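S.K.: Sequential numbering from 1 applies to the sequence shown in UniProt numbering. For each residue, glycine too, the CB sits at the ideal point set by N, CA and C. Fair warning: this is a prediction, and the values are worked out from it, not measured in the lab.
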Amino acid sequence: QQQLPPEAPNYFLVNIAPHQQAAVADYLSQHHLKASELYPMVRGRLTTKNGEPIASTLPPESRDSNTLRRELNLTWTATLPANNAVLAGQWHGNRDATEISIESGMAERLSLAVGDTLGFQIGDQTIAARISSIRSVKWDSMQPNFFVIFAPGQLDALPAASIASVYVPPGASGMMPGFVKAFPGVTVLALDKLIGNIEAVFDQIIGAIQLLLGFLLAAGMAVVIATLLASLDARQQEAVLLRTLGAQRAYLAKSLWSEFLTLGLLAGLLASACAEIAMALISDRLFELPARLHPWLWLALPLAGALLVGMSGWLTTRHITRVPPMQSIRALN
1 QQQLPPEAPN YFLVNIAPHQ QAAVADYLSQ HHLKASELYP MVRGRLTTKN GEPIASTLPP
61 ESRDSNTLRR ELNLTWTATL PANNAVLAGQ WHGNRDATEI SIESGMAERL SLAVGDTLGF
121 QIGDQTIAAR ISSIRSVKWD SMQPNFFVIF APGQLDALPA ASIASVYVPP GASGMMPGFV
181 KAFPGVTVLA LDKLIGNIEA VFDQIIGAIQ LLLGFLLAAG MAVVIATLLA SLDARQQEAV
241 LLRTLGAQRA YLAKSLWSEF LTLGLLAGLL ASACAEIAMA LISDRLFELP ARLHPWLWLA
301 LPLAGALLVG MSGWLTTRHI TRVPPMQSIR ALN
């Protein structure tokens, strides 16, 4: 939600029949609602690349791509949509009805390049089109976005419904029941509720991660304490030697604190790196959102690690600095 631009569309209008397009546009205009263009849409499955089954052209790790297991939403337009930018090739415009534009992520996953010919199964028809451009898409714009955009002409005769997005200000949400009443066949998707559901899923994932981190923290503290207890004799011998050579209690205490604080700081930095990697993988693989750094994490975890390890280490070994050297020597003997 923090990544959404100001006044990002918060409703999607789906299944707008061709004879309803003008009326829907008039309704939105009369109520001064900011809407996107209407995009016709059909569904089709990507089946071939340059005349061969597309799965056979891919390495084994790419054959399970979700793009190949489902139908894609296909649209056509001569105008490059907003929040899209051509990265390779040329936008088709009205130049050739057999050309298409492919989203860059899809092109990378499926090893597609400008000039490749793709085959799509749409209903009982197989339609071939050549890639004329590869483009980036700003998915968080909340506009209707598509992996595949055809040039006008090739899909025009197919039965299609249109899709649009609209921004409804907080004080005008009461207009949508009127829209539903006026256009009962149009599906209205409230993105605010969808975002709320996504936030609930995020909260559950965060709760699970926090619980796991709590167990890991407890286990880590137990390991630290066990390691310190196992090394007490060696530390006591070292302390006796240093005290015999004239080291003061303050020096021993400072050296212990420095050791434990450094260990805690390094552990916190390692935890920060692991947490960043985990969150990046969740954002990219699960939610397909761009990964971003969390500066507070790199401050909080090292400080927490230094404090916890420092305190536990000091509480476990502090008696070493308080025992007189002669008493320690007798105990060792």
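Against chain B, does SER29 count as a neighbour if the rule is that its beta carbon must be under 9 Å from one of theirs?
M.R.: Chain labels in this structure do not include chain B; a single protein chain is all it has.
S.K.: What first and last residue would you give for the alpha helix (DSSP H) that runs through GLN21?
M.R.: Here residue 21 corresponds to residue number 21 of the sequence shown, with the count starting at 1. It spans 21-30 - the alpha helix (DSSP H) in which GLN21 sits, taken as one unbroken run.
S.K.: Just curious, the alpha helix (DSSP H) that PRO302 is in, first and last residue?
M.R.: Looking up residue 302 in the sequence shown gives position 302. 295-317 is the extent of the alpha helix (DSSP H) around PRO302.
S.K.: Measuring only the C-alpha atoms, how far is GLY93 from VAL114?
M.R.: As a working mapping, residue 93 is identified with position 93 in the sequence shown. As a working mapping, residue 114 is identified with position 114 in the sequence shown. The straight-line gap from Cα to Cα measures roughly 16 Å.
S.K.: To the nearest angstrom, report how far apart residue 335 and ASN15 are at their CA atoms.
M.R.: Residue coverage of the chain in this structure runs from 1 to 333, which leaves residue 335 outside it and unanswerable.
S.K.: Do SER165 and MET142 come within 9 Å of each other at the CB atom, strictly closer than that value?
M.R.: To locate residue 142, count along the sequence shown from 1; it is residue 142. To locate residue 165, count along the sequence shown from 1; it is residue 165. The answer is yes: Cβ separation under 9 Å.
S.K.: Would GLN154 be called buried (16 or more neighbouring beta carbons within 10 Å of its own) or exposed?
M.R.: For the purposes of this step, residue 154 is taken as residue 154 along the sequence shown, with counting starting at 1. Classification of GLN154: buried, given that the 10 Å Cβ count is 16 or more.
S.K.: According to DSSP, is MET176 part of a helix, a strand, or is it coil?
M.R.: As a working note, residue 176 is residue 176 in the sequence shown. Residue state, collapsed to three classes: helix.
S.K.: If you reduce the DSSP assignment to three classes, tell me which class PRO60 lands in.
M.R.: The residue given as residue 60 occupies position 60 in the sequence shown. Helix at PRO60.
S.K.: Can you have a look at GLY268 and say buried or exposed, based on whether 16 or more other CB atoms are within 10 angstroms of its CB?
M.R.: Along the sequence shown, read from residue 1 onward, the residue named residue 268 stands at position 268. Flag for GLY268 reads buried.
S.K.: Pull up the distance between the alpha-carbon of SER255 and that of LEU194, whole angstroms please.
M.R.: The residue you call residue 255 lines up with position 255 of the sequence shown. The residue you call residue 194 lines up with position 194 of the sequence shown. Distance between the alpha carbons of SER255 and LEU194: 55 Å.
S.K.: Tell me the rounded alpha-carbon separation between ASP175 and HIS32.
M.R.: Against the sequence shown, residue 175 aligns to sequence position 175. Against the sequence shown, residue 32 aligns to sequence position 32. Note on identity: in this sequence residue 175 is Met, with Asp being the wrong assignment. Cα to Cα, MET175 sits roughly 11 Å from HIS32.
S.K.: In this structure, does DSSP put ARG292 in helix, strand or coil?
M.R.: In the sequence shown, counting from the first residue as 1, residue 292 sits at position 292. ARG292: coil per DSSP, three-state reduction.
S.K.: Distance check for THR48 and HIS61, CA to CA, integer angstroms please.
M.R.: Residue 61 sits at position 61 when you count from the first residue of the sequence shown. Residue 48 sits at position 48 when you count from the first residue of the sequence shown. Before going further, note that residue 61 is Glu rather than His in the sequence given. Those two C-alpha atoms are separated by around 18 Å.
S.K.: Of the choices PRO144, GLN248, ALA78, whose alpha-carbon is the least far from that of LEU189?
M.R.: Reading the sequence shown from its first residue, position 189 is the one you call residue 189. Cα-wise, what sits closest to LEU189 is PRO144.
S.K.: Taking its Cβ as the centre, do 16 or more other Cβ atoms sit within 10 Å of SER36, making it buried, or is it exposed?
M.R.: Mapped onto the sequence shown, residue 36 falls at position 36. Label assigned to SER36: buried.
S.K.: What's the gap between the Cα of GLY310 and the Cα of LEU216?
M.R.: Within the sequence shown, numbered from 1, the residue matching residue 310 stands at position 310. Within the sequence shown, numbered from 1, the residue matching residue 216 stands at position 216. Taking the straight line joining both Cα atoms gives about 17 Å.
S.K.: For the alpha helix (DSSP H) that contains SER272, what are its first and last residues?
M.R.: Counted from its first residue, the sequence shown places residue 272 at position 272. Element bounds for SER272: 249-281.
S.K.: Tell whether a beta-carbon distance below 9 Å holds between ILE131 and PHE120.
M.R.: Counted from its first residue, the sequence shown places residue 131 at position 131. Counted from its first residue, the sequence shown places residue 120 at position 120. The answer is no: Cβ separation not under 9 Å.
S.K.: Can you give me the start and stop residues for the alpha helix (DSSP H) that ALA107 sits inside?
M.R.: Within the sequence shown, numbered from 1, the residue matching residue 107 stands at position 107. Here the alpha helix (DSSP H) through ALA107 covers 104-109.
S.K.: Using 10 angstroms around the beta-carbon of THR262, count the other beta-carbons present and answer buried if the total reaches 16, otherwise exposed.
M.R.: Taking the first residue of the sequence shown as position 1, residue 262 is located at position 262. It counts as exposed.
S.K.: How would you write the range of the alpha helix (DSSP H) that ASN66 sits in, first residue to last?
M.R.: As a position in the sequence shown, residue 66 is number 66, starting the count at 1. Note, ASN66: alpha helix (DSSP H), 66-69.
S.K.: Keeping to the same chain, check which residues put their C-beta closer than 7 Å to that of GLY171; ignore five residues upstream and five downstream.
M.R.: As a working mapping, residue 171 is identified with position 171 in the sequence shown. Answer for GLY171: no residue qualifies.
S.K.: Helix, strand or coil for SER141 per DSSP?
M.R.: If you number the sequence shown from 1, residue 141 lands on position 141. Helix at SER141.
S.K.: Sorted by chain position, which residues of the same chain lie with C-beta nearer than 7 Å to LEU229's C-beta, five sequence neighbours on each side aside?
M.R.: Within the sequence shown, residue 229 is the residue found at index 229, counting from 1. These residues qualify, in order along the chain: THR316.
S.K.: In whole angstroms, give me the CA-to-CA distance for THR98 and ALA85.
M.R.: For the purposes of this step, residue 98 is taken as residue 98 along the sequence shown, with counting starting at 1. For the purposes of this step, residue 85 is taken as residue 85 along the sequence shown, with counting starting at 1. Approximately 20 Å, taken between the alpha carbons.
S.K.: Could you tell me whether the Cβ atoms of ALA182 and TYR27 are closer together than 9 Å?
M.R.: Locating residue 182 in the sequence shown gives position 182, counting from the first residue. Locating residue 27 in the sequence shown gives position 27, counting from the first residue. It is a contact, given that the beta carbons lie within the stated cut-off.
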